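Heads up, the sequence shown stops at 146 in full-length UniProt numbering, and the numbers go up one at a time, no gaps. Even for Gly, the Cβ is constructed at its ideal location relative to N, Cα and C. Predicted model, so just to flag it, every value in this text is computed and none were measured.
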Amino acid sequence: MNRKKIITSAFSNLYTDQRIEKVCRTLHEKGYEIELIGNNWNGAEKMTRPYSFSRISLVSKSLKTAYFEFNWKLYQELKKRVDLDTILHANDLDALLPNYILAKKLNIPLIFDSHEIFSEMPAIQGKMSQKLWRYLEKSWYRTNNS
């Protein structure tokens with residue numbers, strides 16, 4: 001029997017984000033094949049993990065453009081790796097859209113893990129940014145709770 005594959009995507013720093021490490025390590029210990037995808041936007045420290053991980057290379061200098069670049073490249077990366085035995089795991093709203101699109105397209109499970117109201121985070125304050133993230137939050141909630 002093949003092990004079920006879970007692809008976890010996160011915009012946060014993979015080296016310092018203990019929540020992602022704990023989730024991925026626990027799932028790995030429970031027998032799942034884990035692939036963690038992050039980025040190098042805020043540094044790419046050396047890491048050793050018992051599961052595979054990769055970082056998408058970003059050239060954006062501002063956080064606003066880095067989010068868009070990451071989501072575009074994440075979609076491309078997920079398309080290469082996902083199959084019908086995959087479970088997608090989006091860690092926070094900033095990694096949700098590409099996961100959501102592929103989960104719907106392929107009819108595969110998607111786990112959305114968020115521990116905060118993303119649109120209220122200080123890093124994305126500003127009228128346009130906040131409106132966009134609020135729209136995505138509301139759209140996601142409406143689509144999946146109706």
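Can you list, in chain order, the residues of its chain with a C-beta nearer than 6 Å to that of Ala90? Leave out the 5 residues immediately preceding and following it. Against the sequence shown, residue 90 aligns to sequence position 90. Ser9, Leu96, Asn99, Phe112.
Open item on the list: Under 8 Å, with one C-beta from each stretch per pair, do the segment 70–89 and the segment 42–52 reach the 3-pair mark?
Closed with: no
For the alpha helix (DSSP H) that Thr26 lies in, which residues bound it at each end?
Position 26 of the sequence shown holds residue 26. Per DSSP, the unbroken alpha helix (DSSP H) holding Thr26 starts and ends at 18–29.
Exercise. Would you mind reading off the limits of the alpha helix (DSSP H) that contains Arg81?
Key: Against the sequence shown, residue 81 aligns to sequence position 81. Start and end: 63–81.
Practice task
List the residues that DSSP assigns as beta-bridge partners of Glu33.
Solution key: In the sequence shown, counting from the first residue as 1, residue 33 sits at position 33. Answer is Lys5, bridged to Glu33.
| said: Am I right that Ile37 and Leu88 are in contact with their C-beta atoms under 8 Å? What's the rounded C-beta distance? | reply: Taking the sequence shown and counting its residues from 1, the one referred to as residue 37 is at position 37. Taking the sequence shown and counting its residues from 1, the one referred to as residue 88 is at position 88. Taking C-beta atoms under 8 Å as the contact rule, Ile37 and Leu88 fail to qualify, at a distance of about 10 Å.
Notebook entry, point to check: Can you round the beta-carbon distance between Lys79 and Leu58 to whole angstroms, since I take them to be within the 8 Å contact cut?
Noted result: Within the sequence shown, numbered from 1, the residue matching residue 79 stands at position 79. Within the sequence shown, numbered from 1, the residue matching residue 58 stands at position 58. Actually they do not touch by this definition, with Cβ atoms about 18 Å apart.
DSSP has Arg49 in a bridge; who is on the other side? As a first step, residue 49 is located in the sequence shown; it is residue number 49 there, counting from the start. DSSP, once it has assigned bridges, lists no residue as partnering Arg49.
For this session: Measure the C-alpha to C-alpha separation of Ser119 and Asn13 and round it to an integer number of angstroms.
Result: As a working note, residue 119 is residue 119 in the sequence shown. As a working note, residue 13 is residue 13 in the sequence shown. With a pLDDT of only 46 at Ser119, under 50, the local geometry of the prediction cannot be trusted, and the value read off the model is given with reservation. Cα-Cα distance, rounded: 19 Å.
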